[in-house]
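Input: a single structure, listed below in structure tokens.
In the working numbering, the protein residues as written are 447 to 790.
Written out as structure tokens, the structure reads:
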């Protein structure tokens, strides 16, 4: 029984850690897809939460049914042989795009919060990533075990700070007069489709290794519920921030204004969340490149991060605003096919 519970918690932690990345940790992603729409954004979060619980679990159960070791096999099953390889290539470039966003997000922490050069932050982060990957990824799992629970605690702190704000109910139920209703309706589907679509790069091999449908089912459900609660907790605080769309890292402004004693700890945790996501993405990209190119792993890491560096020169919020919605539309088809798919 204890091993089952431990397995469920591990699956949930992997799921949460995979989804929570640069845009999620900084709050920018939540503002972009939900909080800017006020109360309509909260309703969208409930839809996204249901999709996280149901489809995150389903993609792992489908992987077990297919005995799939990687997301390529799942995509070939969903899209067929004709389109599957094209979609796999597209997903590879999407993962690279997200890697650039993560690297840019790390630079944004240095620039906006530490008042240092963004390029210095990007270069230092790239070097740290290479050092970690060169020495193996065992430390990555240990970091996630520490960072994710602390991030949850900080989200709860923000939640309680948000509801204690005198204007909380007015801010929470407020609907902007200039809200784009089409974008507010499609946002939860784009957001969940994008995140689940790319998360399968981690969820599929994890499900293959665990190979226990009961553990996977309850782990996916628990992870999806926790992701929803983190979303809501962050949103509750973010709606109280005037002009939240103007900041690259709105969560940091919240901590500075509402919980000053914890501000620098939050910056460290936020950077750690971005860093661990970046390392995971680069590791996943390297495994894909390795299938087609006989090249030293260290050289592949350097090439990936060098290309991501040039992409990260673009402003962080510009990357997030442009890339994430486009990837979301691409992943919508994945989400629809996943809904239609059947597993044993």
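C-beta atoms are modelled at their ideal positions from N, C-alpha and C, and glycine is treated no differently.
The structure displayed is predicted, hence computed values, not measured ones.
With 16 as the cutoff for other CB atoms within 10 Å, does residue i come out buried or exposed?
i: residue 775; result: exposed
i: residue 448; result: exposed
i: residue 563; result: exposed
i: residue 786; result: exposed
i: residue 667; result: buried
i: residue 741; result: exposed
i: residue 641; result: buried
i: residue 499; result: buried
i: residue 492; result: exposed
i: residue 612; result: exposed
i: residue 557; result: buried
i: residue 549; result: buried
i: residue 595; result: exposed
i: residue 676; result: buried
i: residue 528; result: exposed
i: residue 610; result: exposed
i: residue 784; result: buried
i: residue 615; result: exposed
i: residue 431; result: Only positions 447 to 790 of the chain appear in the structure, and residue 431 is not among them; the question remains open.
i: residue 728; result: buried
i: residue 591; result: exposed
i: residue 504; result: buried
i: residue 621; result: exposed
Here's a check: name, in chain order, each residue in its chain whose Cβ is nearer than 6 Å to the Cβ of residue i, leaving out the five neighbours to either side.
i: residue 525; result: 533
i: residue 479; result: 633, 637
i: residue 490; result: 480, 633, 634
i: residue 746; result: 732, 735
i: residue 530; result: 521, 522
Can you tell me where the alpha helix (DSSP H) with residue i in it begins and where it stops?
i: residue 719; result: 709 to 736
i: residue 651; result: 627 to 656
i: residue 674; result: 659 to 684
i: residue 553; result: 517 to 554
i: residue 480; result: Neither: residue 480 is in no alpha helix (DSSP H) and is coded neither H nor E.
i: residue 610; result: From DSSP, residue 610 is part of no alpha helix (DSSP H); its letter is neither H nor E.
i: residue 453; result: 448 to 465
i: residue 687; result: Counting along the chain, residue 687 falls outside any alpha helix (DSSP H), and DSSP gives it neither H nor E.
i: residue 572; result: 564 to 580
Less than 7 Å between C-beta atoms, sequence neighbours within five positions excluded: which residues of the same chain meet that for residue i?
i: residue 465; result: 641, 645, 673
i: residue 579; result: 725, 728, 729, 747
i: residue 593; result: 715, 718, 719, 722
Report all residues from its chain with a CB closer than 8 Å to the CB of residue i; omit the five preceding and five following residues, and keep chain order.
i: residue 778; result: 635, 636, 639
i: residue 773; result: 540, 543, 544, 640, 643, 644
From the beta carbon of residue i, is the nearest beta carbon of chain B less than 8 Å away?
i: residue 676; result: Note that chain B does not occur in the displayed structure, where there is just one protein chain.
Does the region 514 to 525 come close enough to the region 648 to 656 that 3 or more CB-CB pairs lie under 8 Å? yes
Say whether the region 503 to 517 touches the region 621 to 641, bearing in mind that this needs 3 or more beta-carbon pairs closer than 8 Å, one atom from each stretch. no
Decide if the region 667 to 683 is in contact with the region 532 to 543; the criterion is three or more beta carbon pairs, one per stretch, under 8 Å apart. no
I'd like to know if the region 447 to 461 and the region 657 to 673 are in contact, where contact means that at least 3 CB-CB pairs between them fall below 8 Å. yes
Count Cβ pairs between the region 750 to 757 and the region 567 to 574 that sit closer than 8 Å; are there 3 or more? yes
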